[in-house]
Structure formats: structure tokens, C-alpha cells
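Contents: one structure, followed by commentary.
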Amino acid sequence: MVYLPFILVSILETLLVLWFGFTLFNIRIKGYEIHMFIIASLTAHISYSLRADELSYLAPLVQIVYIIICIWGLFKIQVFYSAVVAISAYAYFSIWQSIIFFAGNAWGLFSIENVDRVPIGYIIPFLTFPIGLMSIWVVRRFNLSMDWIPSNHKQKVEWTGFNLTLTFILVAIFILYGLTIYLVSLGAYEYVVIMNILIVILYYLLFNFSKRKDRQL
Numbered sequence: 000m001v002y003l004p005f006i007l008v009s010i011l012e013t014l015l016v017l018w019f020g021f022t023l024f025n026i027r028i029k030g031y032e033i034h035m036f037i038i039a040s041l042t043a044h045i046s047y048s049l050r051a052d053e054l055s056y057l058a059p060l061v062q063i064v065y066i067i068i069c070i071w072g073l074f075k076i077q078v079f080y081s082a083v084v085a086i087s088a089y090a091y092f093s094i095w096q097s098i099i100f101f102a103g104n105a106w107g108l109f110s111i112e113n114v115d116r117v118p119i120g121y122i123i124p125f126l127t128f129p130i131g132l133m134s135i136w137v138v139r140r141f142n143l144s145m146d147w148i149p150s151n152h153k154q155k156v157e158w159t160g161f162n163l164t165l166t167f168i169l170v171a172i173f174i175l176y177g178l179t180i181y182l183v184s185l186g187a188y189e190y191v192v193i194m195n196i197l198i199v200i201l202y203y204l205l206f207n208f209s210k211r212k213d214r215q216l
């Protein structure tokens, strides 16, 4: 893919993912706008470098790990809770992008064979932008954000009950996300649909489980 358009689209996409994740878990971002842009820029370059080295199937997973580290280091949030924010946000957008991917193919807007070509490769991210912005508005408008993630990075994570269940869900989503990317690289799209259905179910459980925790506070 062409360097500059890819970097610009990737930066906007990462900023949207971060914005949604922070909005969903009610994390204050005022004063960190420049930092977020730097994180998104570096993430875009990492993604481009991996794709240039024909390691595109690793790029999304490396991006998630990198974002987790950045949230932990910049916002001083425990690594565990940083993973909750990052994986939740990425899983949400991966669901929408999968829907766009298969809907576009079913309606003949583009074919699976040329989805990575320019400008087809930019259609999915661009269609995701309005969905992401609308999602952020919906979270704010209907007060769907959650406050249970502690802002104190020194607060110890208790590995009992809620956190253990949440860890299982997050690890399962991460593994399924990785399998989805791998299956896409193999062209096994019938299994990709199954993986995405499982991710949707797990994401539903994650959101409802988190809202239940939030109501207990």
C-alpha cells in the first residue's frame, strides 16, 4: 500500500479506537491530545513496517500490545486495565469492519480478492469512521460509559471473581482476533465468519459484565 495514504488512514483509525476506548471507560483525555496523536503515528508506522515485511497478519496484534503499553505508561493505568480498554476498543471496531467487509462483498461493492488493493483497501477504514464517531456519541448520549477502572496505577489488581472472569473473556477475544487475522491471510473466509460470531458473543458478555460491575460501585 502507498505509504502516505496508509499512514494517514491508520493514524485516524487508531485515534478513533483510542477515543472510543477512553469514552467507553470514562477515562479523561483532555490535555493528552498531542500524546494520543504521537501514539497513533507510531502505531501507524509499526503497522506499515510489518506489512512491508509481509507480516501483515501480525500487525493488528502488535498494535494492540503497543497500545496497552502506551495506555499504561501515559495514563498511569494498571496493565490489566489498560488491556481491558485496548482489547475492548479494538474488538468493537473489528466487529464493524468484518460486517462492512462481508456486506460489501455480498453486495458486489468490492471483491475479497482485491480488498487489499488501492483504493479498495481504504474503503473499510473510511466507512468505519462515521460508525466510530456515532458510537462515541451514543455512549455519551445514553450514558453507557463505565467508571470501574481505577485511575490510581498503584492500586493492586485482585485476581478473584470479576477480574478472573474478565481476564478469560479478554484472552479469548485476543486469541479469536488473532485467529481471524490468520484465517483472512489464508483466505478461509467461511471460518472467519464463525470467529467473528464468537467475538460478538464474547464482546456482549464483556460489556454486560462490565456494566454490572459498574452498577455495583
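For the record, in the sequence shown the residue sitting at position 39 is 38 according to numbering that gives the first Met the number 0, with numbers rising by one throughout.
Glycine included, every Cβ here is placed at the ideal spot set by N, Cα and C.
**Message:** Here's the rule I'm using: 16 or more other beta-carbon atoms within 10 Å means buried, otherwise exposed. How should valine 191 be labelled?
**Reply:** buried
**Residues near leucine 175 in its chain [Cβ-Cβ closer than 6 Å; skip 5 each side]** = Met194, Leu197 and Ile198
**Asked** If we ignore side chains and look at the alpha-carbon of each, how far apart do glutamate 12 and isoleucine 135 end up?
**Response** 14 Å
**Item:** Helix, strand or coil at valine 170 according to DSSP, with G and I counted as helix
**Value:** helix
**Item:** C-alpha gap between tyrosine 80 and isoleucine 33, whole angstroms
**Value:** 22 Å
**Asked** Helix, strand or coil: how does DSSP classify tryptophan 71 here?
**Response** helix
**Asked** If you follow the alpha helix (DSSP H) that glutamine 215 is part of, which residue opens it and which one closes it?
**Response** 188-215
**Asked** Is isoleucine 45 near glutamine 62, with beta carbons less than 9 Å apart?
**Response** yes
**Request:** List the endpoints of the continuous alpha helix (DSSP H) containing arginine 140.
**Result:** 122-140
**Completely contained alpha helix (DSSP H) runs for the stretch 26-68, where each covers 4 or more residues** = 32-51
**glycine 103 - DSSP class collapsed to helix/strand/coil** = helix
**Asked** Helix or strand or just coil, what does DSSP make of leucine 143?
**Response** coil
**Integer Cβ distance of alanine 88 from glycine 20, believed to fall under 8 Å** = 3 Å
**Message:** Using only CA atoms, which one of Ala90, Ser40 and Tyr65 lies nearest to isoleucine 238?
**Reply:** This structure cannot speak to residue 238, because the chain is shown only from 0 to 216.
**Request:** Assign isoleucine 10 to one of three DSSP states: helix, strand, or coil.
**Result:** helix
**Request:** Would you mind working out which of Val78, Leu57, Ala58 and Pro124 sits nearest isoleucine 67, comparing C-alpha positions?
**Result:** Val78
**Message:** Applying the 10 Å Cβ sphere with the 16-neighbour rule, what's the burial state of threonine 22?
**Reply:** buried
**Request:** Rounded to whole angstroms, what's the CA-CA distance from valine 1 to tyrosine 121? Just pull it up for me.
**Result:** 11 Å
**Request:** Mark phenylalanine 125 as exposed unless 16 or more other C-beta atoms lie within 10 angstroms of its C-beta, in which case mark it buried.
**Result:** exposed
**Message:** According to DSSP, is tryptophan 158 part of a helix, a strand, or is it coil?
**Reply:** coil
**Asked** What separation, rounded to the nearest whole angstrom, lies between the Cα atoms of serine 184 and glutamine 215?
**Response** 42 Å
**Request:** Could you round the C-beta distance between leucine 169 and alanine 82 to whole angstroms and report it? I think they count as a contact, below 8 Å.
**Result:** 6 Å
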